[in-house]
Amino acid sequence: MGHLDHAAFGWLTPVLSYLMACTGAALGLRCTVRGLAATGRSRRNWLLTAASAIGTGIWTMHFVAMLGFRVSGTDIRYDVPLTILSLVVAMAVVCAGVFAVGYSRDRNRALLLGGLTTGLGVASMHYLGMAAVRLHGDVTYRPLLVGLSVLIAVVAATAALWAGLNIKSPLAVTLASLVMGAAVSSMHYTGMLAVRVRVAPSGEVLPGATAMQFIFPLAVGLGSYLFLTSAFVALSPTAGEREASASAQRPVQSAAR
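Dropping the structure here:
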């Protein structure tokens, strides 16, 4: 059995991955709050932004954490198409869950279905990402820990959607995002604890790209997207602020007439 190291760079990758998960969760919750307060095309756009933020945060969290993943006795490469597919899956399932909550008339039913669908999708993203790993040996999983990781994913996704429906204030969103970031990170590391690798040393060149060749640049790009979008959302006026501004302008316009 190969020795697995989940934090080859010390606390750097766990902390950075947690920050990515929290940033995606906070941005997604803020956009969901904006979306639920809007109508028509504006609601759709806010919910799309929310889904992309949460999905990007989850995917970036996973692969930033994977930068610290090492197995003694073998190099590690990543299958590029499968890795990209895992990102698409994360975006698609989160989008389905957010839109189910954002447009359904029966919010409780939508919350349960959306949480289940999104949680299973997040777990699928994680294990697709693991299926993209190429190394000299065989990868197996402990079924009980796999099941626990899926359960954590479903609970975390349901909690995220519930927070989007019920939490409004910026402070509450911040606290909820910290909890969600911890839940997503717990899901990841529980899934990683399930991994067992039987190394078969070989001189053959592994197919795929190294983490620094592919994962690191993509994670940096998506992380930049999260922070830039966060700045845009923070500077964009809320519906209440726009209404207050419009109300303040009405007396001025009436006096001018």
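Take any residue in the sequence shown, note its place counting from 1, add 154, and you have its number in my numbering.
Backbone N, C-alpha and C fix where the C-beta goes; we use that ideal spot for every residue, glycine too.
In this text the structure is predicted, and so the values were computed from the model without any measurement.
By the C-beta density criterion, residue 157 is exposed, having fewer than 16 other C-beta atoms within 10 angstroms.
In the structure shown, residue 259 adopts coil according to DSSP, grouped into three states. CA-to-CA, the gap between residue 212 and residue 338 works out to about 7 angstroms.
Ranked by Cα distance from residue 323, the options 160, 183, 370 and 384 are led by 183. By the CB criterion at 8 angstroms, residue 369 and residue 221 fall inside the cutoff. Linking residue 192 to residue 307 through their CA atoms gives a straight-line distance of about 29 angstroms.
DSSP places residue 291 inside the beta strand (DSSP E), whose first and last residues are 291 to 295.
Between the stretch 345 to 365 and the stretch 225 to 234, the count of C-beta pairs closer than 8 angstroms reaches three or more; the two stretches touch. In this structure, residue 377 sits away from residue 311, with a CB-CB distance that is not shorter than 8 angstroms.
Between residue 315 and residue 255, the C-beta gap is smaller than 8 angstroms, which places the two residues in contact.
Per DSSP, residue 230 lies in no alpha helix (DSSP H); the unbroken beta strand (DSSP E) holding it starts and ends at 230 to 232.
In the structure shown, the three-state DSSP call for residue 282 is helix. Scanning the stretch 171 to 225 from its first residue to its last, the whole alpha helix (DSSP H) runs of 4-plus residues come out as 194 to 220. The C-alpha of residue 384 lies about 29 angstroms from the C-alpha of residue 345. Taking C-beta atoms under 8 angstroms as the contact rule, residue 219 and residue 342 qualify, at a distance of about 6 angstroms. For the 8 angstroms CB-CB criterion, residue 283 and residue 216 form a contact. Sequence-distant Cβ neighbours of residue 276 in its own chain, meaning closer than 8 angstroms and more than five residues away, are 212, 244, 247, 248, 307, 310, 311, 338 and 341.
The Cβ atoms of residue 225 and residue 374 lie no closer than 8 angstroms to each other. Taking 8 angstroms as the cut-off, the beta carbon of residue 318 is found no closer than this to the beta carbon of residue 234.
By the criterion of a C-beta distance shorter than 6 angstroms, residue 347 is surrounded in its chain by 299, once the five residues flanking it on both sides are discounted. In the DSSP assignment, residue 333 falls within the alpha helix (DSSP H) that extends over 324 to 347. Under the three-state reduction of DSSP, residue 359 is assigned to coil, being neither helix nor strand.
Minimum Cα-Cα distance from residue 296 among the listed residues 382, 351, 162 and 259 corresponds to 351.
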